[in-house]
Every structure is written in C-alpha cells, then in structure tokens.
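In structure tokens, the structure reads:
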C-alpha cells in the first residue's frame, strides 16, 4: 500500500518517495521531499511529532520527532490502524480514539485541541486536525501533532517556585504584623508611648513590604500575559533621577556616594512616570545593596546612530560586579546577585517595563569593575495622541 500526502508518497513499511504534487516535478536527487508545495521540507525536519492517518484510519506518516516522543519506531507504526499504532488514553484510562471517534463522529468537527494524554505510562501533549474534502464530508486525513511535556513541566516548576518564594516572603512580615498587633491589643496599657510608636512603625513598614510584593506579583502577571499598560506622559528624566538619589540619602545613604552626570540637551521623553520611577528605584536599590563605592548615574540622549531618538540611563557601581557566566540570567525570575535578601523578581520586572515602552536594557561591567545597567527609552508619543 502507498498513499501520497503533502508531496510525499509513504509506503506501508514507512518508506517515502517523491512524486508530483499540484503538477510540480519531484525534488532533485539528494534533496528532501517537499512537505507542502515549494517548502522543501521533510517531515523529519519538523521539531514536533507528526502522525498522519488516511481515510481508513491507518498511519501513513510517522516522523522522527514522533518516534522520539513516543519511543515507537516508525516502522512499527506506519501501515497499522491508528488505535494500535498510537494507543492513547486520557487520565481516566479511556481509549482516546474510541472516545473521540474522529471518523464516525459529528461531521462538523474540525479537530481536537491540545491536551495531556497518556501513552504507555508517559505523558504526551496531543492535538489533532480533521482534514475533509468538503466542510461536512468524511475525514480524508487525520493529522496529529505530538509534543513532549518538558516545557510544560518547566512552566509548572517556575510557578511552584514563584508560589514558594511568595509564601516565604509573606510569612515574615505577616508574622511580625500579627505578633505586634496581638501584643498591643492584649497589653496596651503596659507600654509607653515610645514603645507603642516603635511597634506601629514596624507594623507599617512590614505592611508596606507586603504591598510591594503584591504589586510585584501583579506586574509579573501583566508582563507574562502581555497586558502591562503604559500611560505615557512627559517625563523629566533628570528630575526623576535626582528625586531617587534624594530618597536614598534621606533613607540614610551618604550624599557623596552618588554621582550624577547629565549629558544635555535631552530629547522630550513620553513614558509612564510611575513605571520609570519603578525602574530607577530598582536599579538604584540594587546598586546600593549589592554594589560598593560610588554609584554613578549617567543620563543622556541615545548615542547609537542606528537607534531611534530617545533617552539613555546608565547606573554603575564599584562593587565586585556580576560574574560573566551569570550575566545571561540577570533578567530572569528569581536571579539574585548576592545572598542579601530580595525576591529575585525586580530585574525581571524592570526588563518587562522597559520593553513595554519599546526600549532596551543591558547589563555589563562598569569601568570601575562593578555592575553596569543601561536602559534606553524611545521618545515615543503621548497617550492622548494614540
């Protein structure tokens, strides 16, 4: 038996030979058969598993990726009924092909969405497409896509790690808040005003910490789903940098630890001021917490002639810097430059905010040997002009 599909003749023993497709000649000797007119692809070139069954339900194509994912040799699958060649089951142990009945079910069905199925004890992601000669005609081809579950497991692991991190970060401030409030309620009269003030200030600081963590989680959700909104207004980057440096000195940092360089004139910048503050605050806090020596902030116009007009900000310190092997992971979730606390989510959020503005951010080594972060934001246009 041999059946021609998508420019490939597939025989019962799994061999493929080229033939005419749409009046086109076969591929030259030594070149792969075309998977679709003019594409020049062999099914084995596809990264995902591909299984094709004919109008009788027998497998006529079983590519190399399908063999790798299922651990079934193509020769053992091609030519056999689909239910025998690919005995899939759902999580309740029901036979999938009998359950879905692609050849005898409703004629208006177009396929099956991707779902997690079992194949001989292993999990496989499976989706199917029903190819009909006319909208409600019989199924002529059943095209099945197979994928491994490694990517989904990595996503699930990332979500589990996020939940564990959040639980850990929430436990400490909430325990403190609960302890101080319970103590104050039970023994209010025993404390002096100064003691009460100290407890309430601690509760306030811990409540702010919880609020920041919740804000980070919301930002991550919006970044991952592509729903991070940017409300553009005119931003004075020079004033914003000075304001953040002032906040650091008010919090106890020495004023001489910061050096601000302004390369003016700066182009007009339209960006989300709250999110720009978030980026600046995070980069300065990282430089202060993880770096050493003088923290230099340089603001100027984008100097790269190939880039669009915009503003560039560079934050560098004189600390030990970031190891070369770690630089590729700086903007990923949970990366921490040191053991000095933090959720490891800040730089991931910073990158998401900068890219939502259409900008870029990079990390490297500062002239003094410390870490250097540089982000650039395009001039853009105000929100009311969109």
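In our numbering, the protein residues as written are 66 to 451. Note that CB positions come from ideal geometry on N, CA and C, so glycine has one too.
(message) Buried or exposed for residue 252, going by 16 or more other Cβ atoms inside 10 Å?
(response) Looking up residue 252 in the chain shown gives position 187. Residue 252 counts as exposed, since fewer than 16 other beta carbons sit within 10 angstroms of its beta carbon.
(request) Assign residue 288 to one of three DSSP states: helix, strand, or coil. (result) Looking up residue 288 in the chain shown gives position 223. Three-state DSSP puts residue 288 in a helix.
(message) In whole angstroms, give me the CA-to-CA distance for residue 343 and residue 116.
(response) For the purposes of this step, residue 343 is identified with residue 278 of the chain shown, where counting begins at 1. For the purposes of this step, residue 116 is identified with residue 51 of the chain shown, where counting begins at 1. Cα to Cα, residue 343 sits roughly 49 Å from residue 116.
(request) Give, in chain order, every unbroken run of the alpha helix (DSSP H) that is at least 4 residues long and sits entirely within the region 185-238. (result) Whole alpha helix (DSSP H) segments, 4+ residues: zero.
(request) To the nearest angstrom, report how far apart residue 341 and residue 190 are at their CA atoms. (result) Taking the first residue of the chain shown as 1, we reach residue 341 at position 276. Taking the first residue of the chain shown as 1, we reach residue 190 at position 125. C-alpha separation (whole angstroms): 41 Å.
(request) Drop a sphere of 10 angstroms on the beta-carbon of residue 290, count the other beta-carbons inside from all chains shown, and report buried for 16 or more, exposed for fewer. (result) Residue 290 sits at position 225 when you count from the first residue of the chain shown. Under the 10 Å beta carbon count, residue 290 is surrounded by fewer than 16 other beta carbons and is classified as exposed.
(request) Would you kindly work out how many angstroms separate the C-alpha atoms of residue 206 and residue 196, rounded to a whole number? (result) Locating residue 206 in the chain shown gives position 141, counting from the first residue. Locating residue 196 in the chain shown gives position 131, counting from the first residue. CA-CA distance, residue 206 to residue 196, rounds to 5 Å.
(request) Could you work out which residue in 121, 226, 134 is closest to residue 397 when comparing CA atoms only? (result) For the purposes of this step, residue 397 is taken as residue 332 along the chain shown, with counting starting at 1. Distance from the Cα of residue 397 is smallest, within the candidate group 121, 226, 134, for 226.
(request) Report the option in 193, 163, 203 whose CA atom is closest to the CA atom of residue 172. (result) Residue numbering aside, residue 172 sits at position 107 when the chain shown is read from its first letter. Of the listed residues, the one whose Cα sits closest to residue 172 is 203.
(request) Kindly give me the distance between the Cβ atoms of residue 363 and residue 326, rounded to whole angstroms, as I take these residues to be in contact under 8 Å. (result) As a first step, residue 363 must be located in the chain shown, where it is residue number 298. As a first step, residue 326 must be located in the chain shown, where it is residue number 261. The Cβ separation is near 4 Å, so the contact holds.
(message) Using the Cβ count rule (16 or more neighbours within 10 Å means buried), how would you classify residue 418?
(response) Within the chain shown, the letter at position 353 stands for residue 418. By the neighbour-count rule (16 or more Cβ atoms within 10 Å), residue 418 is buried.
(message) Quick check on this structure: which residue in 146, 148, 147, 129 has the alpha carbon closest to the alpha carbon of residue 139?
(response) As a working mapping, residue 139 is identified with position 74 in the chain shown. Ranking 146, 148, 147, 129 by Cα distance to residue 139 puts 129 first.
(message) As an exercise, report each continuous alpha helix (DSSP H) stretch of at least 4 residues that is fully enclosed by the region 278-336, in chain order.
(response) Unbroken alpha helix (DSSP H) stretches of 4 residues or longer found wholly inside the region 278-336: 302-315, given in chain order.
(request) Give the DSSP-derived three-state secondary structure of residue 387 in the structure shown. (result) Residue 387 sits at position 322 when you count from the first residue of the chain shown. Judged by DSSP in its simplified three-state form, residue 387 adopts coil rather than helix or strand.
(request) Verify whether the separation of the beta carbon atoms of residue 429 and residue 385 is less than 9 Å. (result) The sequence position of residue 429 within the chain shown is 364, counting from 1. The sequence position of residue 385 within the chain shown is 320, counting from 1. Here residue 429 is not near residue 385, since their CB atoms are 9 Å or more apart.
(request) Starting from residue 375, trace the alpha helix (DSSP H) both ways and give me its first and last residue. (result) Along the chain shown, read from residue 1 onward, the residue named residue 375 stands at position 310. Careful: residue 375 lies outside any alpha helix (DSSP H), inside the beta strand (DSSP E) at 375-381.
(request) Mind the definition here: the region 275-285 touches the region 227-235 only if three or more C-beta pairs lie below 8 Å; say whether that holds. (result) Segments in contact, yes.
(message) Using C-beta distances below 6 Å, list every residue in its chain close to residue 114, excluding the 5 sequence neighbours before and after it, in chain order.
(response) Here the question's residue 114 lines up with position 49 in the chain shown. Taken in chain order, the residues that qualify are 130, 131, 134, 211.
(request) Give the DSSP-derived three-state secondary structure of residue 173 in the structure shown. (result) Position 108 of the chain shown, counted from the start, is the residue given in the question as residue 173. Coil, per DSSP.
(message) I'd like to know whether the C-beta atoms of residue 136 and residue 185 end up nearer to each other than 9 Å.
(response) Translated into positions along the chain shown, residue 136 becomes position 71. Translated into positions along the chain shown, residue 185 becomes position 120. For residue 136 and residue 185, yes; Cβs fall inside 9 Å.
(request) Please report how far the alpha carbon of residue 125 lies from the alpha carbon of residue 199, in whole angstroms. (result) On the chain shown, position 60 is the one that residue 125 refers to. On the chain shown, position 134 is the one that residue 199 refers to. Their backbone Cα atoms lie some 21 Å apart in a straight line.
(message) Closest to residue 296 by C-alpha separation, out of 445, 183, 355, 330, would be which residue?
(response) Residue mapping note: residue 296 aligns to position 231 of the chain shown, counting from 1. Measuring from the Cα of residue 296, the nearest candidate turns out to be 445.
(message) So the candidates are 188, 230, 423, 339; which of them puts its Cα closest to the Cα of residue 218?
(response) As a working note, residue 218 is residue 153 in the chain shown. Closest by C-alpha distance to residue 218, out of 188, 230, 423, 339, is 188.
(request) Indicate the three-state DSSP secondary structure (helix, strand or coil) for residue 276 in the structure shown. (result) The count along the chain shown starts at 1 and reaches residue 276 at position 211. Residue state, collapsed to three classes: helix.
(request) Look at the alpha carbon of residue 377 and the alpha carbon of residue 427, and state the distance between them as a whole number of angstroms. (result) On the chain shown, residue 377 is found 312 positions in, with the first residue counted as 1. On the chain shown, residue 427 is found 362 positions in, with the first residue counted as 1. Inter-residue distance for residue 377 and residue 427 is about 11 Å (C-alpha atoms, whole angstroms).
(request) Could you tell me whether the Cβ atoms of residue 415 and residue 334 are closer together than 9 Å? (result) In the chain shown, residue 415 corresponds to position 350, counting from 1. In the chain shown, residue 334 corresponds to position 269, counting from 1. For residue 415 and residue 334, no; Cβs fall outside 9 Å.
(request) Output yes or no for whether 9 Å exceeds the beta carbon distance between residue 323 and residue 314. (result) Position 258 of the chain shown, counted from the start, is the residue given in the question as residue 323. Position 249 of the chain shown, counted from the start, is the residue given in the question as residue 314. The answer is yes: Cβ separation under 9 Å.
(request) Tell me whether residue 363 sits in a helix, a strand or coil according to DSSP, three-state version. (result) Start at 1 with the first residue of the chain shown, and residue 363 comes out as number 298. Assignment of residue 363 by DSSP, reduced to helix, strand and coil, places it in the strand class.
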